[in-house]
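Working notes, structure below.
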Amino acid sequence: MSLALGRLRWATVFACWLIGLALATQITVWALAHYTDMRFEVVENGAEAPLVVQAESKRQQRIHSVRESELGLTVDSTELKDEDAGEGPAQVPSRADHRLGVVFNLAAGIGRAAMLAVLPVIALGVLLGVVAQTSGIERAATAFLLMLVVSGLVLPLGEVIGLPWPDGALTSYATLTTALDQPESAAIALPTYVQFLLLPLTAIVGVMIVAVRFTSGLEASLPSRESMRLDPNLEREASNMSPTSLHGGRAGSVLQSTLGQFDNEDENGPSAREVSRGEAPKRLI
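What the sequence shown shows, in our numbering, is residues 75 to 359, in sequence order.
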């Protein structure tokens, strides 16, 4: 039981580290995309712009169409081309924008997978603690309940349960760029710093509390290392004994005391070393 609880504790801490690193990575990418110009590069008219293809999901296309219809932002593409043709330098997506998108989406995938994996691990640890009736199980149960709350912040459950953040803290890069490119006058559900900074930071704090509570609860359930040690005298005698020897350590002392006991008996009584006539010799071992 103690070995199984130790494995569950290690798996939970590892998964919490993955979730925290994924959230921290997305915060870093958001800061770079929001406060720097890494996403775009200036290209003069007539120069060949680097080709960067980004696939947009159907959900993002639906969001764009709905927001444009609400804000009256529908513009003819031919007018945009005519206006851009007479202007000077233009901004186009850079290669750094593509790299930021890959890192952002990879962090989101790893964080979501770790979140889905750690929930049954914590539940199994709580179940084993309840069956074994170990101490500290209340802290592990508290960690499981808190992880359920954190999963509501991280996983894309907003549309299902009606949260203001539909994609959760671990969102996609398309959602990030859509929020950053939104006009300041547009009516959005949450400011960008709330969705991409405060929400991930809250989730990181929650994951850290879960890891500490679950680990302390399982450590209270495990026996101490001192109680698992053998008798020091036995360990010392075993270290002095040769593995193939019959005479050594406590075995030799027991044999010597047995022989001395037989030697001290009455001369007319049975002896371990002297055999009476007509009797077969007896083996001591």
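Here a beta-carbon is modelled for each residue, glycine too, at the ideal position from N, C-alpha and C.
Residues near Ala159 in its chain [Cβ-Cβ closer than 7 Å; skip 5 each side]: Reading the sequence shown from its first residue, position 85 is the one you call residue 159. At Ala159, the pLDDT of 46 sits below 50, so the modelled position is not reliable; the number obtained from the coordinates is stated separately. By the criterion of a C-beta distance shorter than 7 Å, Ala159 is surrounded by no residue of its chain, once the five residues flanking it on both sides are discounted.
Unbroken alpha helix (DSSP H) run spanning Val116, endpoints: The sequence position of residue 116 within the sequence shown is 42, counting from 1. Note, Val116: premise wrong, no alpha helix (DSSP H); beta strand (DSSP E) at 114-117.
Beta-carbon proximity of Leu229 to Leu97, cut-off 8 Å: As a position in the sequence shown, residue 229 is number 155, starting the count at 1. As a position in the sequence shown, residue 97 is number 23, starting the count at 1. Not closer than 8 Å, so no.
Buried versus exposed call for Gln207 [16 or more other C-beta atoms within 10 Å across all chains shown]: In the sequence shown, the residue the question calls residue 207 occupies position 133. So Gln207 counts as exposed.
Residues near Ile283 by beta carbon distance below 7 Å, same chain, minus five either side: Within the sequence shown, numbered from 1, the residue matching residue 283 stands at position 209. Only Leu220 meet the Cβ criterion.
Beta-carbon separation (whole angstroms), Ala181 vs Gln100, contact threshold 8 Å: Locating residue 181 in the sequence shown gives position 107, counting from the first residue. Locating residue 100 in the sequence shown gives position 26, counting from the first residue. About 5 Å separates the two Cβ atoms, so the contact holds.
Spatial distance of Leu77 from Gly199 (CA atoms): If you number the sequence shown from 1, residue 77 lands on position 3. If you number the sequence shown from 1, residue 199 lands on position 125. Their Cα atoms are separated by approximately 12 Å.
Contact belief for Gly106 with Leu174 at Cβ below 8 Å, rounded distance in angstroms: Along the sequence shown, one-based indexing puts residue 106 at 32. Along the sequence shown, one-based indexing puts residue 174 at 100. Residue identity check: residue 106 is Leu in the sequence provided, not Gly. Contact flag correct, Cβ pair sits at about 7 Å.
Residues bridged to Pro194 (per DSSP): Your numbering for residue 194 matches position 120 in the sequence shown. Bridge partners of Pro194 according to DSSP: none are assigned.
Residues that DSSP places opposite Pro274 in a beta bridge: The count along the sequence shown starts at 1 and reaches residue 274 at position 200. Its beta-bridge partners do not exist; DSSP assigns none.
Residue environment, Arg83, which counts as buried when at least 16 other CB atoms sit within 10 Å: Within the sequence shown, residue 83 is the residue found at index 9, counting from 1. By the neighbour-count rule (16 or more Cβ atoms within 10 Å), Arg83 is buried.
Three-state secondary structure assigned by DSSP to Gln40: Outside the shown range of the chain (75 to 359) lies residue 40, about which nothing can therefore be said.
Sequence-distant residues of the same chain with beta carbon closer than 6 Å to Glu233, five excluded per side: Here residue 233 corresponds to residue number 159 of the sequence shown, with the count starting at 1. Result list for Glu233: Pro240, in chain order.
Pairwise C-alpha distance: Ile235 and Gly242: Numbered from its first residue, the sequence shown carries residue 242 at position 168. Numbered from its first residue, the sequence shown carries residue 235 at position 161. Each residue's alpha carbon lies about 12 Å from the other.
Contacts around Met54, its chain only, beta-carbon distance under 7 Å, and the 5 residues preceding and following it disregarded: Given that the chain is displayed from residue 75 to residue 359, the structure contains no residue 54 and the question cannot be resolved.
Run of the alpha helix (DSSP H) containing Thr251, from where it starts to where it stops: As a first step, residue 251 is located in the sequence shown; it is residue number 177 there, counting from the start. Here the alpha helix (DSSP H) through Thr251 covers 247-254.
Buried or exposed by the 16-neighbour rule on C-beta atoms within 10 Å, applied to Gln269: Translated into the one-based positions of the sequence shown, residue 269 becomes position 195. Gln269 is buried by the Cβ-count criterion.
Segment limits, alpha helix (DSSP H) that includes Gln100: For the purposes of this step, residue 100 is taken as residue 26 along the sequence shown, with counting starting at 1. Element bounds for Gln100: 76-109.
Terminal residues of the alpha helix (DSSP H) in which Ala214 lies: Position 140 of the sequence shown, counted from the start, is the residue given in the question as residue 214. Residues 211-228.
Proximal residues to Thr110 (C-beta, below 6 Å), its chain only, five neighbours per side dropped: The residue you call residue 110 lines up with position 36 of the sequence shown. Taken in chain order, the list of residues that qualify is empty.
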